[in-house]
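Numbering (UniProt numbering), first residue to last: 1 to 531.
I have placed the structure first, in the form of structure tokens, so that the comments after it can refer back to it.
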């Protein structure tokens, strides 16, 4: 049976046993309690009736005394005698009920005797009432007729009360004893149930704890490296399944440890060979890295020289371009000068023409001034003022003519010089045109040289960069080879540690732990060339 069924079943059985024991104890206690309540209640009722009868009896006797003391008054006599008879009837009724409730015995007998004595006392009191009336309501006559009649009923009633109280005590004791027996029986049943539960728990714990102890023993042995401890499997519950799983784990672990022991030495030897090969490869790679470093340095120098030539060619090209630009600008300026000189020449010619016109105007003004002077002379005194003005106009016309002549001479000389300058400027313009063309040809040649130098510099730079990349790749390869050598050495050490780690396991086929190889020295650290 599986443990998942055993546990609920065991707890269910234990709970059912406890429930049955509790139900039995409760039933017994309820029976005892019912008996106790019934008997005690009946005994209490009997005692109450006996006490009520005693009180009624005392009241009845007191009513008789009231009859004797106050019976002279007919109304009072009727009142108290009616109360006397009422108490008498109540006592008789209670006596009948009490005799019916009491079991056979002394108590019931005493109540019967009391009822008889009380009946006789009633008859005597009635005779006493007659005697009281006959004696003209004399209390002594009535009291003498019933003297001592209440003593016997009173004694019998007291005895009956004592007997009833005693019987009640005995009933309470029997009920208590019955309850005690029920409690004792219930406790006995509970003890039996507990004993059965303990026995079942012990038996159940043996079916559970023993296999668990076996599983713990196997687990502890596996944890300590002992794989030879056998797991004894019994039953088909979950613990048996756990032991089967532990046994399978033990077998699998044994195979794994055996394979690790067989392969760890091979891994260590292979890692040693890999480390040695990586060390050799690292040395050759480092030599190649040194050679590439020297080549890279040479390419850097050549690249610097080519770059310097390219820079000089570029500067020469810039200077040639600047000179060509300046020459072109100079040619443009010369052309503008030629144009300007031609404009000046034309303007000078126009000025000469204007001066000729001014000279003609001065000549005509002079003639007009002479005519005006002649006319003023003819006019005499009246024309003297006009003659003075005409004389001044003539002088001005003469000076204007002289100035015009001088200006004309200067303009003529300036025109000749301008014409000469124009001729020279034309020659300078032609020369500047030839200079500009030559400078442009030089600029084109220098530009081609600069472009070729730039392409050469770029090519050398690419070659240098390729060499540097090869150098860096070689350096990285050297570092990777060194790292691979270190990893191989580390792998060898880890393989040896693995052999030592699995050496703690004891297998069924052998108990001798595998010996680890001595630890080989770690590979040398990589030395990278400076870039």
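Each residue gets a CB set at the ideal place from its N, CA and C atoms; glycine is no exception.
On the DSSP letters alone, give me the boundaries of the alpha helix (DSSP H) that residue 76 sits inside. First-last of the alpha helix (DSSP H) with residue 76: 74-101.
Starting from the C-beta of residue 401, find all residues in its chain whose C-beta is less than 8 Å away, skip the five residues before and the five after it, and write them out in chain order. So the list reads 359, 362, 363, 366, once near-sequence residues are dropped.
Extent of the continuous alpha helix (DSSP H) to which residue 224 belongs: No alpha helix (DSSP H) holds residue 224; DSSP gives it neither H nor E.
Is it the case that the Cβ atoms of residue 289 and residue 472 are separated by a distance below 7 Å? One thing to note: residue 289 has its Cβ no nearer than 7 Å to the Cβ of residue 472.
In its own chain, which residues sit with a C-beta less than 6 Å from the C-beta of residue 490, not counting the 5 before and 5 after it? Counting only Cβ-Cβ distances below 6 Å, and skipping sequence neighbours, we find nothing.
Spatial distance of residue 89 from residue 109 (CA atoms): The alpha-carbon atoms of residue 89 and residue 109 are separated by roughly 20 Å.
Whether residue 111 touches residue 121 by CB criterion (7 Å): Going by C-beta atoms, residue 111 is not nearer than 7 Å to residue 121.
Counting C-beta neighbours from all protein chains within 10 Å, is the total for residue 19 16 or more, i.e. buried, or is it exposed? Flag for residue 19 reads exposed.
Let's see if you can read the secondary structure: which residues bound the alpha helix (DSSP H) around residue 121? First-last of the alpha helix (DSSP H) with residue 121: 106-134.
Residues near residue 517 by beta carbon distance below 6 Å, same chain, minus five either side: Reliability fails at residue 517, whose pLDDT of 45 lies under 50, so the model's placement of it is uncertain and the value that follows must be treated cautiously. The beta carbon of residue 517 sits closer than 6 Å to those of 268, 496, all from its chain and outside the five residues before and after it, given in chain order.
First and last residue of the alpha helix (DSSP H) that includes residue 144? For residue 144, the enclosing alpha helix (DSSP H) begins and ends at 139-145.
Among 442, 273, 307, 302, nearest to residue 484 - alpha-carbon criterion: For the options 442, 273, 307, 302, the alpha carbon positioned closest to that of residue 484 is the one of 273.
Separation of residue 376 from residue 339, as counted between CA atoms: Looking at the two C-alpha atoms, the distance is approximately 54 Å.
By Cβ distance below 7 Å, which residues in the same chain neighbour residue 433 in space, the five residues on each side in sequence not counted? Answer for residue 433: 331, listed in chain order.
Environment of residue 44 [buried if 16+ CB atoms lie within 10 Å]: Residue 44 should be labelled exposed.
In chain order, what residues of the same chain lie with their CB nearer than 8 Å to the CB of residue 369, ignoring the 5 residues before and after it? For residue 369, where only same-chain residues beyond five positions count, the Cβ hits under 8 Å are 390, 391, 393, 394, 397.
With distances taken between CB atoms, is the gap from residue 438 to residue 310 smaller than 7 Å? It is not a contact, given that the beta carbons lie outside the stated cut-off.
Anticipated Cβ contact below 8 Å, residue 327 with residue 436, distance rounded: Going by Cβ atoms, the distance from residue 327 to residue 436 rounds to 4 Å, so yes, they are a contact pair.
Would you say the region 206-214 touches the region 179-194, given that touching needs at least three Cβ pairs under 8 Å? With a cut-off of 8 Å, the region 179-194 and the region 206-214 do not count as touching, because too few Cβ pairs lie within range.
Among 239, 230, 66, 305, which has the Cα closest to the Cα of residue 205? Among 239, 230, 66, 305, the Cα nearest to that of residue 205 belongs to 239.
Environment of residue 153 [buried if 16+ CB atoms lie within 10 Å]: Around the CB of residue 153, 16 or more other CB atoms lie within 10 Å, so the residue is classed as buried.
Taking buried to mean at least 16 other C-beta atoms within 10 Å of its own C-beta, is residue 150 buried or exposed? So residue 150 counts as buried.
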